[in-house]
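All remarks here apply to the structure that follows.
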Amino acid sequence: MHKLGKLGKPYGVLMQWGNADVSLLEALAVGAITGLVTALTTLLLATRFLIPNMKRLAVSWSRINLNDLLVTVHVAPWQTESRTHLKPINSLVPWRTLLDQVAFDPATLHPKAAPQIQEISLSTIIGSRARRPLALSLPALLIAPYHSMGSPIDAKLALAQISSVAGSAVVSGPGPYLPAQRAYAEHWILQWHLGQPGPSREMIQLADMAEVSLGQKSRKTTPAKNHKRLPLRVKRWSAHQRPIGLGASSLPQLLSQLRRGNPDIPVGVKILASQHLETDLAAVIQWAPDFITVTGSEAQRNSDLSDQFGIPTAIAIKRARDWIDQHAMSHISLIASGGIVSAADIVKLLALGANAVNIGPHLPWAVNQENEASLDIGQMALQGSRWFDATAKNMRVILQSLGLEDLGDLDRSVLYARTNQAAGLLGIPAAQPPSQGRLAVQLTALIDEYQRLISSLQRQVTLLQPQAVDSRHA
Amino acid sequence: MHKVVILGARFAGSAVSYWINKLFSQHEITVTVVDQWTVMTYRPSLVMAAAGHPIIADQWHIAMKRRCEKAGQHFVRDSIFRIDPQQQHVYLASHPPLPYDTLFVATGSDQGWRTIPGLGPEHGGVCEDYLARETGDRVQQPFHSLVIAIGPLLQSPADRPHLVGSLDAPGLEVSFLLDAWFRKQRRRDHVSITVVTPAPVPGEFLGPKSQEILATELCKRKINLVTDAHYERVSHSAIYFTDRKPLSSEKMIWVPPYPGSRLARISGIDDGYGWIPVDQYGAHRTWPNIYAVGDISTTALPKIGHMAMLQARTAVHHFYAVQQRKRPSPLRPYVLHVGWLGYGRGLLTLSDWLYGGSHELVHVGISSALAKACFNHAYKIFSGWLPLMP
Numbered sequence: 000m001h002k003l004g005k006l007g008k009p010y011g012v013l014m015q016w017g018n019a020d021v022s023l024l025e026a027l028a029v030g031a032i033t034g035l036v037t038a039l040t041t042l043l044l045a046t047r048f049l050i051p052n053m054k055r056l057a058v059s060w061s062r063i064n065l066n067d068l069l070v071t072v073h074v075a076p077w078q079t080e081s082r083t084h085l086k087p088i089n090s091l092v093p094w095r096t097l098l099d100q101v102a103f104d105p106a107t108l109h110p111k112a113a114p115q116i117q118e119i120s121l122s123t124i125i126g127s128r129a130r131r132p133l134a135l136s137l138p139a140l141l142i143a144p145y146h147s148m149g150s151p152i153d154a155k156l157a158l159a160q161i162s163s164v165a166g167s168a169v170v171s172g173p174g175p176y177l178p179a180q181r182a183y184a185e186h187w188i189l190q191w192h193l194g195q196p197g198p199s200r201e202m203i204q205l206a207d208m209a210e211v212s213l214g215q216k217s218r219k220t221t222p223a224k225n226h227k228r229l230p231l232r233v234k235r236w237s238a239h240q241r242p243i244g245l246g247a248s249s250l251p252q253l254l255s256q257l258r259r260g261n262p263d264i265p266v267g268v269k270i271l272a273s274q275h276l277e278t279d280l281a282a283v284i285q286w287a288p289d290f291i292t293v294t295g296s297e298a299q300r301n302s303d304l305s306d307q308f309g310i311p312t313a314i315a316i317k318r319a320r321d322w323i324d325q326h327a328m329s330h331i332s333l334i335a336s337g338g339i340v341s342a343a344d345i346v347k348l349l350a351l352g353a354n355a356v357n358i359g360p361h362l363p364w365a366v367n368q369e370n371e372a373s374l375d376i377g378q379m380a381l382q383g384s385r386w387f388d389a390t391a392k393n394m395r396v397i398l399q400s401l402g403l404e405d406l407g408d409l410d411r412s413v414l415y416a417r418t419n420q421a422a423g424l425l426g427i428p429a430a431q432p433p434s435q436g437r438l439a440v441q442l443t444a445l446i447d448e449y450q451r452l453i454s455s456l457q458r459q460v461t462l463l464q465p466q467a468v469d470s471r472h473a
Numbered sequence: 000m001h002k003v004v005i006l007g008a009r010f011a012g013s014a015v016s017y018w019i020n021k022l023f024s025q026h027e028i029t030v031t032v033v034d035q036w037t038v039m040t041y042r043p044s045l046v047m048a049a050a051g052h053p054i055i056a057d058q059w060h061i062a063m064k065r066r067c068e069k070a071g072q073h074f075v076r077d078s079i080f081r082i083d084p085q086q087q088h089v090y091l092a093s094h095p096p097l098p099y100d101t102l103f104v105a106t107g108s109d110q111g112w113r114t115i116p117g118l119g120p121e122h123g124g125v126c127e128d129y130l131a132r133e134t135g136d137r138v139q140q141p142f143h144s145l146v147i148a149i150g151p152l153l154q155s156p157a158d159r160p161h162l163v164g165s166l167d168a169p170g171l172e173v174s175f176l177l178d179a180w181f182r183k184q185r186r187r188d189h190v191s192i193t194v195v196t197p198a199p200v201p202g203e204f205l206g207p208k209s210q211e212i213l214a215t216e217l218c219k220r221k222i223n224l225v226t227d228a229h230y231e232r233v234s235h236s237a238i239y240f241t242d243r244k245p246l247s248s249e250k251m252i253w254v255p256p257y258p259g260s261r262l263a264r265i266s267g268i269d270d271g272y273g274w275i276p277v278d279q280y281g282a283h284r285t286w287p288n289i290y291a292v293g294d295i296s297t298t299a300l301p302k303i304g305h306m307a308m309l310q311a312r313t314a315v316h317h318f319y320a321v322q323q324r325k326r327p328s329p330l331r332p333y334v335l336h337v338g339w340l341g342y343g344r345g346l347l348t349l350s351d352w353l354y355g356g357s358h359e360l361v362h363v364g365i366s367s368a369l370a371k372a373c374f375n376h377a378y379k380i381f382s383g384w385l386p387l388m389p
């Protein structure tokens, strides 16, 4: 410890910080400055984000988790397609998802630049082998959120309207059948959760595509009790419902029931992306689906624990596409679901192997940033369609920058990884050679050292083994 | 008790429920109205929304469920899937089959977006509230070319009268209203407006005088007109024709093709083209207890609200006459239409020219527009059940 100087340290040396002695006065000064900065920062944050959204926070506190709250309070102007409203803590989380660690490799001199942006097509076809494949002008299937600030029915109806003006399709989602949703949607996808009352034959025939969801929503419904107390019309309606049995063994029957109900449309299965994804795909392929939807861990679901399960969407799509191509099943369309919030995300997933993506759970929050308590379907639909319009434009800009004219020309060669981790996981080239990173250099050196050590040990073991054999035979 | 089922609760369905309520007591019949919406969108006002005022699209909703239930009629909100005329059942998507003794079908024609390759509602439209709202929002963005295109009417060649275009009235109204709005915004010199129709003249269903006025007005307002259009396909920036050069456009507004009704086709009660063949009373030619009113029937040309209301009146009065053993009156069709011209003016046409007559009353001016505005507001205030029904 150093001695005191001429003026001395008032109140003596209190502590040592590195090589410097710190007195109580200095500690107090530092503390005061730190406190002031903290207070100012808190005040700034409160003024900028919390106070304007306090009511929304109060409403949403019981419904959504912390990440969703951060998303909610960090809303961006809705007039343009933007992802910042869904990337709340940029300074703390450099990469929101694995997709953020992937970037596009732009066309410069070779390949040549794309032609007019107006001529770039975003259309896609799902279930190409079905008699009536689903042709979309935008490869995005809209799904309603599990959590919404207003009525979930209003959100579904608004999404149906948005899907029509965006040239996309809407997924019916869980819950009762909504005639208006079907009426608004130009393309309507019947989603059937196992355990729910089975869709009527009429519903299946009204659908443009049918999907059996094997996700966490699948659960057995409890039949209503005390039928005597129900009104006559409810009894008749209840008698009309036909619950479908559960269990993996019944899935083929369910798919064949859907096909019998409407043999023209694509029929598929939605699964959660797990570490044993390939095994699941092998099981699903036996039922000859027209498409498979793979839901990654970023998907918004109806349980607080849901985020703790599954693998990221990007990895799931990469693995699923590899598996499908290896088994010569490229006629099966692949749909990505989970954590998709921008045009860049959509194009990246399409480049990784998806034919279309599910999108939509975050829309009602962002749309409802001004009138949080009362959702207006018209306003939601209008602002949502603006978002999709901007998203389509951005997708065309990306394709033009990549020198492509059609979504079908996308492949993994247009991507590169910003991190070595993403490069390894997604099988795409990294932006920088592994040797340039300090940590990577250290790890490489460590690995080399271990390999040399292992080789040395193996040689020693090899030298020792004959003696042991000889002694055993002796 | 006699079971009456009304399919559809828009112009025609609402008028049917009105006349049934007026002619029959609740002790004689039970009435069930089925529609997929509990509210009716008043479509004649949607042209205003598409002409730069999207908020109007959500201001013209009429609570038909409440209107029907107030009169003691049942209302079922569901998608109508199929009619079984032999079993006399209507099959719905999520409700048990609905039995009927007499059926009024007023579901209208489907919108045949997919009948032209590449065409879809994403190109812009005016015939539904969400399409008009979207169109009204899109025209506020900067652009330089706008095409308002009318789809074809895919009716049976044997139908008389025969029209080529689905309905050009809303397309022409939007063009005039947008012209006035762009001038007010001082944007008109930078935006070219083109109306494309498969018909040989604008206002195909109106008389010669009205057609001449419309053609003159289009020319005077520098709105381009393309007639006799045969569509081949549509991309998101151009319309391709079979017999002429493509027409590029930054924005489009479509009145979609009318291909008839899927419901009629699936039920096997159509004329082979998706329209229900009816006699002069609106009754089905094969199934006399089925009436078709409004756009879905073969004789509802042109497909405008006034014609649907006339048909509803004739059909219900025929049903009443049969019940009461009286002599019914047949449909005497005529066209009554007021179209917006912008600047507070309207074009009123009262004509039987389409049906072989020679009478045509035409008036252009503010009074015509006022008459239309009064009718619109009265229809909304009385929820479709006007004190004086045509």
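Line order of the protein sequences matches chains A and B. Note that numbering that gives the first Met the number 0 has the first sequence beginning at 0, numbered continuously upward. Note that numbering that gives the first Met the number 0 has the second sequence beginning at 0, numbered continuously upward. We put the beta carbon where it would ideally sit given N, CA and C, even for glycine. None of these values were measured; they are calculated from a predicted model.
Quick one: residues in its chain with C-beta nearer than 7 Å to the C-beta of Tyr272(B), no 5 flanking neighbours on either side, listed in chain order?
Leu153, Gln154, Ser155 and Gly259
Would you mind telling me which residues of chain B sit closer than 9 Å to Glu404(A), beta carbon to beta carbon, in chain order?
Here the premise fails: no neighbours, minimum Cβ distance about 13 Å.
How about Ala129(A): is its C-beta nearer than 8 Å to some C-beta of chain B?
no
Residues of the segment 88-101 of chain B in Cβ contact with chain A at a cutoff of 8 Å, in chain order, please.
Tyr90, Leu91, Ala92, Ser93, His94 and Pro95
Asp100(B) classed as buried or exposed, judged by whether at least 16 other C-beta atoms fall within 10 angstroms:
exposed
Residue nearest to Cys373(B) in terms of C-alpha spacing, selected from Val3(B), Trp18(B), Pro43(B) and Thr37(B)
Pro43(B)
According to the neighbour-count rule (16 or more other Cβ atoms, all chains shown, within 10 Å of its Cβ), is Asn89(A) buried or exposed?
Only weak support is given to the placement of Asn89(A): the predicted model assigns it a pLDDT of 37, under 50, and the value that follows is read from those uncertain coordinates. With fewer than 16 Cβ atoms within 10 Å of its Cβ, Asn89(A) is classed as exposed.
Give the DSSP bridge partners of Lys2(B), in chain order.
Thr29(B)
Same chain, Cβ closer than 6 Å to Arg261(B), neighbours up to 5 away in sequence not counted
Asp109
For Pro178(A), go through chain B and note every residue whose CB falls closer than 7 Å to its CB, in chain order.
Gln35, Arg76, Asp77, Ser78 and Ala92
Taking contact to mean at least 3 C-beta pairs separated by less than 8 Å, is the segment 74-81 of chain B in contact with the segment 159-168 of chain B?
no
Contact criterion: CB-CB distance below 8 Å. Does Gly197(A) meet it with respect to chain B?
no
beta-carbon Leu97(B) near the ligand GDP non-hydrogen atom, thresh 7 Å
No copy of the ligand GDP occurs in the structure displayed, which carries no ligand at all.
Whose C-beta lies closer than 8 Å to the C-beta of His73(B) among residues of the same chain, with five residues either side of it excluded?
Thr29, Val30, Thr31, Val32 and Cys67
Please confirm whether Gly293(B) and Ala8(B) have their CB atoms less than 8 Å apart.
no
Quick check on the DSSP output: what are the complete alpha helix (DSSP H) runs of length 4 or more inside the segment 305-365 of chain A, in order along the chain?
312-325 and 342-351
Rounded to a whole number of angstroms, what is the C-alpha to C-alpha distance between Leu330(B) and Pro276(B)?
14 Å
Strictly below 7 Å CB to CB, what residues from chain B border Gln190(A)?
In chain order: nothing, as chain B lies at least about 15 Å away.
Quick check: what's the CA-CA separation for Pro98(B) versus His1(B)?
11 Å
Looking at chain B, is there any beta carbon in it that lies within less than 8 Å of the beta carbon of Glu210(A)?
no
Please compile the residues from chain A whose C-beta is within a distance smaller than 8 Å of the C-beta of Arg132(B).
Gly377, Ala380 and Leu381
Going by beta carbon distance, what residues of the same chain come within less than 7 Å of Leu349(A), once the five residues before and after it are set aside?
Pro138, Leu406 and Leu409
Candidates Leu335(B), Arg284(B) and His362(B), of which the one nearest Met395(B) by Cα
There is no way to answer for residue 395(B), as the model of chain B reaches only from 0 to 389.
Check whether the segment 173-193 of chain B touches the segment 283-299 of chain B, taking contact to mean three or more Cβ pairs, one atom from each stretch, closer than 8 Å.
no
So Tyr129(B) contacts chain A; which residues on that side make the cut at Cβ distance below 7 Å?
Gln160, Ser163, Val164, Tyr183 and Ala380
Rounded to whole angstroms, what's the CA-CA distance from Asp34(B) to Ile358(A)? Just pull it up for me.
30 Å
Please check if any C-beta of chain A sits within less than 8 Å of the C-beta of Leu213(B).
no
Can you tell me which of the three DSSP states Gly174(A) falls into?
coil
Take His94(B) and list the residues in its own chain whose beta-carbon comes closer than 8 Å to its own, dropping the five residues that flank it on each side.
Val75 and Asp77
Drop a sphere of 10 angstroms on the beta-carbon of Gln87(B), count the other beta-carbons inside from all chains shown, and report buried for 16 or more, exposed for fewer.
buried
Suppose the cutoff is 7 Å on Cβ atoms and the five residues either side in sequence are ignored; what does the same chain contact list for Gln274(A) look like?
Ile310
Is DSSP giving Phe10(B) helix, strand or coil here?
helix
Return helix, strand or coil for Met388(B), following the three-state DSSP convention.
coil
Less than 8 Å between the C-beta atoms of Thr294(A) and Ala327(A), yes or no?
no
Could you tell me the alpha carbon to alpha carbon distance between Ile5(B) and Lys250(B), rounded to whole angstroms?
38 Å
How would you write the range of the beta strand (DSSP E) that Leu135(A) sits in, first residue to last?
Leu133 to Leu135
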